[in-house]
Amino acid sequence: MAVFSRGFGARRRESDPKLPPGQYLTEDFPVLSAGPTPRIDTADWSFSIQTEKNTTTTWSWDQLHDLPIEEVATDIHCVTRWSKLGTSWRGVSLDTLFAGVDTDFAYAMAHSYGGYTTNIAMADLLGGKAWVAFEFGGEPLDPEHGGPARLLVPHLYFWKSAKWVRGLTMQKHDDPGFWEQNGYNLHGDPWTEERYW
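Be aware that the sequence shown starts at 157, since it is given in our numbering, and climbs by one per residue.
Below, the structure written as structure tokens:
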């Protein structure tokens, strides 16, 4: 798949203590995507969690918005070395979505409209660490940034925050997703520079 990006070049690390090693500060919101931007109407959008017990829980766009919505203020860090500080999002916590889901597996594979996948440990999805986000900066999330909804896992490199997210499939093992199969780290902690294998 082709990769499209603004600001894909490396720059020197700035001295802000909020920046992980090797990162530079940007005021922009660069775009990096594995493939073309899908266009999903909210009437057709859904999010599901499929467990190892062959059960699937699904939320429509309206059902997602009927759940408690949280305001999320956070910094984001891309493996291509840019960081954007003080971003604001709105979405539904994965804690809320998993409240009625019965699973014993420790890992999940995120699936996106367009075919993108990324693996994430449950320890990185729960405990107030991840959301299905549908607003950025007080506005609906633009398609180029993953709208109508994306996964938001801000404590990991941003490739883990799958754009155009459509669901999670539970996994017994930490099997790699798209970028992980192509040499990226299985976990992706920016503070320890878990960029590549």
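Glycine included, each C-beta is placed from N, C-alpha and C at the ideal position.
Under the 10 Å beta carbon count, Y352 is surrounded by fewer than 16 other beta carbons and is classified as exposed. Inclusion of V288 and V257 in the CB contact set at 8 angstroms is not warranted, their separation being larger than that value.
The segment 192-223 contains, as complete alpha helix (DSSP H) runs of 4+ residues, the segments 217-221 (chain order). Around the C-beta of K319, 16 or more other C-beta atoms lie within 10 Å, and the residue is accordingly described as buried. Taking a 10 Å sphere around the C-beta of R195, we find fewer than 16 other C-beta atoms and assign the residue as exposed. Collapsing the DSSP output to three states places L307 in a strand. Less than 8 angstroms divides the Cβ of Y263 from the Cβ of H329.
An exposed status is given to Q337, since fewer than 16 other beta-carbon atoms sit within 10 Å of its beta-carbon.
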